[in-house]
Ligand SMILES: [Zn+2]
Ligand SMILES: [Zn+2]
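In the working numbering, the protein residues as written are 610 to 760.
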């Protein structure tokens, strides 16, 4: 279902940044690579934890600032605006999500894993849909296993 992401090579990263209108700095390169490699839909805090090994002087505020810049430039996107905390992904292909309500794990489902969703009537208020993403909520295998043992 999921293939491990291959981090784009340096010249590819330079091109991505140039096309997004962002200046290419070492810090941003490390941050983008981290988001790209983490298919777990990381929070800024999780990204911060990961990049601190490589850039010990980085602050959480700097991570947030750069992630905002990535979002504004369309390099990453917010998974879903209603989870209470910011979660990010670099997978910009249309896809859906499995969300564990207990541990907040978010796993990708490919668009082809679902039948296309079709609306049965006009949306209220003339709402215009740009894209959609289906969210399946439940328990991941680890959490389901744990709840079986504790119940
Ligand atoms: Zn879970
Ligand atoms: Zn995703």
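A virtual CB, placed ideally from N, CA and C, is assigned to each residue, including glycine.
Worksheet item: residue 644 CB to nearest chain B CB: under 8 Å?
Response: Any reference to chain B falls outside this structure, which holds one protein chain only.
Fill in: Element boundaries [beta strand (DSSP E), containing residue 718]
715-719
Worksheet entry | Beta-carbon proximity list for residue 743, same chain, < 7 Å, skipping 5 on both sides | 705, 723 and 726
Item to complete: Would you kindly work out how many angstroms separate the C-alpha atoms of residue 686 and residue 664, rounded to a whole number?
Response: 23 Å
Worksheet item: With contact counted as at least three CB pairs below 8 Å, one residue from each stretch, are the stretch 675-685 and the stretch 630-642 in contact?
Response: yes
Worksheet item: Is the stretch 739-758 touching the stretch 694-714, taking contact as three or more C-beta pairs under 8 Å?
Response: yes
Item to complete: Run through the stretch 692-751 for me and flag every whole alpha helix (DSSP H) of 4 or more residues, listed as ranges in chain order.
Response: none
Worksheet entry | Extent of the continuous alpha helix (DSSP H) run through residue 633 | Run containing residue 633: none; DSSP gives neither H nor E here.
Item to complete: Quick one: residues in its chain with C-beta nearer than 6 Å to the C-beta of residue 712, no 5 flanking neighbours on either side, listed in chain order?
Response: 752
Worksheet item: Which same chain residues, not among the five before or five after residue 671, have their C-beta less than 8 Å away from its C-beta?
Response: 636
Worksheet item: Going by the C-beta, is residue 746 closer than 7 Å to any heavy atom of ligand 1?
Response: no
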